[in-house]
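Peer 1: The numbering of the sequence shown is our numbering, which starts it at -18 and goes up by one.
The beta-carbon is built from N, C-alpha and C at its ideal position, and this holds for glycine as well.
One structure, as structure tokens, below. Some questions next.
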Amino acid sequence: MSNGKALIYDSSFTSSVMGGPVPTYVACLAEDSPEVLLPPISEGKNGDEILMIFHTSGSTSGRPKLVPCSYEWWDMCLRKGKQCTVPHNPARQDVTVWMYVSTSYAA
């Protein structure tokens, strides 16, 4: 059991998630729904606490797996993303990507 508090899903899975034990929400893009306000980020989270759970495709072993991702992992991904995408020359709008790591496997 994952102890999940909610499930965010693609609309194509609506019939599969109906009647589950947690509240469900259809995923949407923020720019497509400007009227949806996100709650403020909670302060004081323990880095080891689970923020989200990814579902792998199962392409390596043939069986999909649930991958718990912590607040600490998410913070590392955001810091790494910022480091990799800041323009080297502030007067220009270009970005040089010098490192490529799939965040799905960085944990």
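Give me, in chain order, the residues of the same chain whose beta-carbon lies closer than 7 Å to that of L32; leave out the 5 immediate sequence neighbours on both sides.
Peer 2: Here the question's residue 32 lines up with position 51 in the sequence shown. These residues qualify, in order along the chain: C50, S51, Y52, W55.
Peer 1: Among S(-7), K(-14), S(-8), which has the Cα closest to the Cα of V3?
Peer 2: On the sequence shown, residue 3 is found 22 positions in, with the first residue counted as 1. Ranking S(-7), K(-14), S(-8) by Cα distance to V3 puts K(-14) first.
Peer 1: Which first and last residues belong to the alpha helix (DSSP H) in which T(-5) is found?
Peer 2: By one-based count along the sequence shown, residue -5 stands at place 14. Per DSSP, T(-5) belongs to the alpha helix (DSSP H) from -5 to -2.
Peer 1: In the structure shown, what three-state DSSP assignment does S149 receive?
Peer 2: The first residue shown for the chain is -18 and the last is 88, placing residue 149 beyond what the model contains.
Peer 1: With which residues is L47 paired in a DSSP beta bridge?
Peer 2: Position 66 of the sequence shown, counting from 1, holds the residue named residue 47. H36.
Peer 1: Kindly indicate which three-state DSSP category T59 falls into: helix, strand or coil?
Peer 2: Along the sequence shown, read from residue 1 onward, the residue named residue 59 stands at position 78. Here residue 59 turns out to be Leu, not Thr, going by the sequence shown. L59: helix per DSSP, three-state reduction.
Peer 1: Which partner residues does L(-12) have in the DSSP bridge list?
Peer 2: Taking the first residue of the sequence shown as 1, we reach residue -12 at position 7. DSSP output for L(-12) lists T5 as bridge partner(s).
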